[in-house]
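Everything below concerns the one structure shown next.
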Amino acid sequence: MLGEMLICFFFLFIYIPTRSLCDSVLGCGGFVKSDVEINFSLVEMKLYTLQGSIKYQTDCAPNNGYYLVPLYDKGDFILQVEPPPGWSFEPESVRLHVDGSTDKCSLGEDINFQFKGFSIRGMVLSKGEKTGPGNVKLSLMTADGSEVLQTTVSKEADFYYFRKVLPGDYIIRGQHPIWKFEKSEIKVTVGSDNVFISDDLVVAGYDVNGHVFSEGEPIKGVNFLLYSDTVDPQLVTDCEKTPVKSLKNGDNSICHMSSKEDGTFNFASLPTGQYYLIPFYKGEHITFDVVPEKMVFQVKHSSVVLPKEFQVAGFSVSGRILDSVKGSGIGGAKVSVSGKQMAVTNEDGSYHLENMKAGKYTIQVMSEDIFFDEIMLKITPNTPHLHDIIASRFSVCGKVNIDEIPKGLDHMVYQRKVIAYTEDKAVKLLAVDTDMQGHFCAMFKSGKYIFKAFLSTQEIKAGLHLYPSEKLVVVTNKPVKDVDFSQFRAKVSGVITCIENCGTIGLSLDPISMIGEDKKVIMLKDSPKKASFEFENILPGKYKVAPLQDNWCWKEKSQEIEITNKDVTGLEFSQTGFILKCGLSHEITLNFAHENKEGSVGSFALKKGTNRFCLSQPGVYRLTTDSCHRFEKDIYTYDTSHPVVLSLTAVKHKMVGIITTEKLDKTIVVMLKSSLVKSPIVIGPLECDNPPKKESSDSEATGSDTQSEPAQTSFQYHFSYWAKNNEHLEIQVASDVLLFSPNHMEVTIQGESCPGEVAHFVGKVGIFITGKIEPALQGVTVVVSCDDPATMIPTTLLTDQNGVYRLGPLHGDKKYSVEASKTGYVLTKDPQNPNNFKALQLGEISVTVVDENNNYLSSVLLSLSGDNQYRSNNLIKENGMMVFSSLSPGRYFLRPMMKEYRFEPATQMISVEEGTRINVNIKGFREAYSCYGRVSSLNGEPEPGVLVEAVSVSGSVQYQEESKTEQDGTYRIRGLSPNVTYKIQLKKVENNHLERSAPKSSLHTVENEDLVNVNIIAFRRLNQMDISGNVITPNEFLSHLKVVLYKDESPDSPTYSVTLGATSFFYLPSLPTDHKGYNLRLESSLSRSMYDYQLPEYNFVADTAYKHFTFKFDPKRRLLDQDLNQTSFLLLPFALMVLGAIYMAYKFRHNLSKISFMDVINQARNLVSQVTAEPSNPVITETLLAPENNPSKRRFKSRKSD
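With my numbering as the guide, the letters of the sequence shown map in order to residues 98 to 1299.
Okay, structure coming up:
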């Protein structure tokens, strides 16, 4: 019977694939398979977004290659296998569309990857180097060399690879059309892993090529000597090593080559290294110049074509530039020949003139602050060394520095004269004007001079003085740069006296009513009781001097001084005490005690707010509070040597509760659940306030029959708790034998005053339910329920280490039932006692996961895989525990997974035997955080299915995470790294149905907590476009303007037209967002004969929800004289015609006898004056400006042919 029960129970736990682990997490899993033995744990599986951002990565189980990737978001992803470099798999990646219902991940189907082979890695080397060239053709061949299996080409300083290579023996052969190999073929054996070739192919050297010309013609016979300071000459081959004729003995060149008929020369095979070439081309009597004289080049890992051609030029001469006769050379001087710079001197003053031809030349030399006379020299091949050129004069420079204008002067003279005299002041040599900044420079020969800056009599009387008044300058063979004159400044000094050592203290010097003068501050460090101070460089004027120590009491807090033409001394500042400031959040009694005096100095009843005291004695004071409020500290200290503003803020407030019982009980405890503390707070066991009195020993001895007092039936207890302001408390009283009413109480503590008594409970005696598990089994879940749900909700408890459980006290007049369960066990009730159970155990693994604070960690995905492709993936609940039951004997691989956490250990291999229980403890450490928010429309409706991304904008590494909003518009972006600033925004590509968002993006720096309430308002794209605009023009022209809209495809047919009236604003009917082109024009009925104006227009595409346009219309009236001159001859016939028309009209309408001809003339005159005058009459203006009078605005259409 027992065996049948175990078999049936075992089959209840057979693994059944599920589509999802829970509503928020999906799993994508499968196996990495191989026909040869490989280490599966080295293979990683990575999940990427389509944009290439990694979402998750994990390695495979070492025993069977199983992997599981948790998915927290639905969408499109790429699942990619990433093995050790060189290993090949098919497929390499799989594209996933996770919709939660139809894809392989949602259906729980395996996604497998097949191992295809290893790789061979090597590097073609240059001789003597650790790297080598590119462009070497490499062939992987069979062991006998009969068949080429793969080919590749090497890359410079990089490895070459042959991939998907099966175990066996091979040959690798290298080829190149020019380079010579020291080793061109190697043998390779591939076993059970990648092969790295250490003894690889070697290239002996590389070819170097160049050209030599003379005025465009190739030159034959020029010798090129090869030198190197780094390459062993024995390694260089294939070049001429015999000495060159006419070359001096002792040449240490490696070898040489001569140019051919076409001017080319070639070194066939040079090892890598640094080289230089020196051309040598000697005639019968003179050595000619070949440029460049020396060419440095480097052979790396390829052929070398010298970047410059060699040219045969002229001959060379040299010379020196000196600072004096037989003096030192002047480096960096520019030497020009006949106005063209030809050379720059070396540090020793020498220079070389190349490619010279015989003749007379003018030599000019230029050097900073040194001057030379121009000279004429004759240069020939027989004069290779030129005469020395000597400096004639040197610069003498300085500055007159006057940075403040004395108050006696109304203006400052910025350009001053500096006068130079002979040493004895007998002769005035030169007067130099300074620039606006006071700088001056002049040229002087070697000698001694007196320099003096000129000051006017008015400046001297106003207190302007310079230091020094004059200066002796000695000019030798170099420029002089330090002839400086500065303005006089005063010193202000005094002493400061402190009760103790002054230590580090500052003093300030503030100008009084002095515009432009800045405040000055000096700091005295490590000062004794009496310390001196001094301000320097002070301009004349009135100042206020004050010590910068607001925490001390002073005899005088500041002193005012006035500086005229001498220093100010003798200032004194004396300290009288120490200031104590304290701020109080509540009224209290504050007690003071000095460290050097016993007892309390005093007690003060202080009010809420800031209090200020002056302490006459230095030292440390101890401050204690007396109140129903508890402050941040029980004892505060104030040290006068480290003054601070004391802030006494009440953090807790004392609350009191009362408990009344009908029985004396020593097991009463009070449990407080605080809104500010995660764990419950337990107070007790409590002591009774009124315990029963013991009978006296005297009464017992005498056997007194005095009537005894009635039995005590009421006992009282009290408890107290220090609560914070606005702390919400749920208070519950528990006992081993009593039931309490009310069941619990909730209070909120307000700390403005003392809370006092806030709760009162009454306790009565109850019953208990006890039971046990046999054999003893700890952790069995026992559920006790009552037949009256209103009395008690089902209660769950766990058995202790002895398998015992106990629940109570409970109401004695109710019926109760007991059920027990534990994963991996069969539990049956004992027929004799339904509260006891018999336990039968199966094999299982119990996993407990906690965080770094040892708190249980929930929502951790546990993946367990074993032999015969067994796997089970489950999420841990809130208790931080998970039990894998009904496990057959074998080895299992366990991996915890949860985004934003790393775990220790990260993986475990576990051996399970029949009937055993393995306990596994795992600790998780949080390494990343989440961003919570909501995407909604402007009216607050949620926007589901919107992709929100977080992109890092700080640091060198680019991070990107994303999430899709739920049906209620909420989203959670996981995996945000701490101390990184992210830009939170809607993804542009995937959210095509949205036009924009507010905000467009926002920056957030992730600290050690989640980001919350990062909300976004999304605006959907509309299928129509609204157009509005305004016209900037005088109001008198508005009635003559209209706005017309045309399609680009129909430029002659207006789509919409709006005539402006009294307002300059216009609004057109909506357009479809058809992404077509439109033209918006401003048209006018103003006569162009009377006005000159431009009509603006805009071209746009209907691709957005709204556009606004602004037109500017500024017509200019044409000049009247010009109009009259142009139309004077036309106006006369027109006037006669009008006159005749008026006459005829009056003739028919009226009795002609009653109208004189002068009346007709007057009517005609008025009409003509209206035509030529300003159109102030609205009727006349409208008539003259009618559209038919504006021929430029008429539209003509071509007539269609029949």
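Cβ coordinates follow ideal geometry from the N, Cα and C atoms, glycine included. Owing to the predicted nature of the structure, the values given are computational and were not obtained by experimental measurement.
Rounded straight-line distance, which links the Cα of residue j to that of residue i
{"i": "S216", "j": "T248", "result": "13 Å"}
{"i": "Y814", "j": "A856", "result": "12 Å"}
{"i": "V1265", "j": "M1187", "result": "The predicted position of V1265 is uncertain, since its pLDDT is 47 and thus under 50; no value can be drawn from it."}
{"i": "Q847", "j": "C785", "result": "28 Å"}
{"i": "S801", "j": "Q809", "result": "Here the model assigns S801 a pLDDT of 46, short of 50, so the residue's position is not dependable, and the following value carries that caveat. Distance between the alpha carbons of S801 and Q809 is about 21 Å."}
{"i": "R1023", "j": "N634", "result": "60 Å"}
{"i": "Y904", "j": "K861", "result": "In the sequence under discussion, the amino acid at residue 904 is Leu, which differs from the Tyr named in the question. Rounded to the nearest angstrom, the two C-alpha atoms are 16 Å apart."}
{"i": "N823", "j": "L743", "result": "24 Å"}
{"i": "V589", "j": "E501", "result": "18 Å"}
{"i": "M752", "j": "N840", "result": "19 Å"}
{"i": "F710", "j": "N648", "result": "10 Å"}
{"i": "I268", "j": "D335", "result": "30 Å"}
{"i": "D1134", "j": "A1115", "result": "Contrary to the premise, residue 1134 reads as Phe rather than Asp in this sequence. Their backbone Cα atoms lie some 43 Å apart in a straight line."}
{"i": "T361", "j": "V319", "result": "10 Å"}
{"i": "L1108", "j": "V1045", "result": "14 Å"}
{"i": "K1251", "j": "L1183", "result": "Note on K1251: pLDDT 45, under 50, position unreliable in the model; no value is reported."}
{"i": "G242", "j": "Q272", "result": "14 Å"}
{"i": "G1158", "j": "D1065", "result": "49 Å"}
{"i": "W276", "j": "A365", "result": "8 Å"}
{"i": "L972", "j": "T920", "result": "15 Å"}
{"i": "S425", "j": "R490", "result": "15 Å"}
{"i": "G1012", "j": "G149", "result": "47 Å"}
{"i": "M994", "j": "T734", "result": "51 Å"}
{"i": "G963", "j": "S1099", "result": "47 Å"}
N- and C-terminal bounds of the beta strand (DSSP E) containing residue i
{"i": "S1033", "result": "Y1026 to S1033"}
{"i": "V1050", "result": "V1050 -> no beta strand (DSSP E), and no H or E assigned at all."}
{"i": "T155", "result": "I151 to D156"}
{"i": "C711", "result": "G706 to L712"}
{"i": "S605", "result": "G600 to P608"}
{"i": "Y902", "result": "V901 to L907"}
{"i": "T248", "result": "V245 to V250"}
{"i": "H1205", "result": "Y1203 to K1209"}
{"i": "K177", "result": "Reading off the sequence shown, one finds Gln at residue 177, where the question assumed Lys. Here the beta strand (DSSP E) through Q177 covers G172 to E179."}
{"i": "V1141", "result": "L1138 to K1144"}
{"i": "E406", "result": "First-last for E406: undefined, no H or E at that position."}
Residue range of the alpha helix (DSSP H) that includes residue i
{"i": "K201", "result": "K201 to L204"}
Supposed close pair residue i, residue j - CB separation, criterion 8 Å
{"i": "V1103", "j": "V1086", "result": "At roughly 25 Å, the Cβ-Cβ gap does not stay under 8 Å, so V1103 and V1086 are not in contact."}
{"i": "K639", "j": "E657", "result": "7 Å"}
{"i": "G1021", "j": "D1123", "result": "At roughly 54 Å, the Cβ-Cβ gap does not stay under 8 Å, so G1021 and D1123 are not in contact."}
{"i": "F431", "j": "V441", "result": "A small fix is needed here, since residue 431 is Lys in this sequence, not Phe. That belief holds up - the Cβ atoms of K431 and V441 are roughly 6 Å apart, short of 8 Å."}
{"i": "I756", "j": "V834", "result": "The Cβ separation is near 14 Å, so there is no contact."}
Residues that DSSP places opposite residue i in a beta bridge
{"i": "G699", "result": "F689"}
{"i": "W649", "result": "F675"}
{"i": "R1071", "result": "Note: R1071 sits in no beta bridge, so no partner."}
{"i": "S817", "result": "V753"}
{"i": "C352", "result": "L323"}
{"i": "P993", "result": "L959"}
{"i": "P886", "result": "Paired residue(s): none; P886 is not in a bridge."}
{"i": "G591", "result": "F630 and L668"}
{"i": "S744", "result": "G680"}
{"i": "Q148", "result": "In the DSSP output, where bridge partners are listed per residue, Q148 has none listed."}
{"i": "E1059", "result": "E1046"}
Stretch-stretch touch, CB-based, cutoff 8 Å, three pairs: the region 259 to 273 with the region 302 to 315:
no
- [ ] Please determine if the region 331 to 350 and the region 284 to 292 are in contact, where contact requires at least 3 C-beta pairs separated by less than 8 Å.
- [x] no
For this session: Kindly confirm or deny that the region 934 to 948 and the region 975 to 986 touch, where touching means at least three C-beta pairs closer than 8 Å.
Result: yes
So, does the region 127 to 142 touch the region 950 to 959, judging by three or more C-beta pairs under 8 Å? no
Using 8 Å as the Cβ pair cut-off and three pairs as the minimum, do the region 363 to 376 and the region 393 to 411 touch?
-> yes
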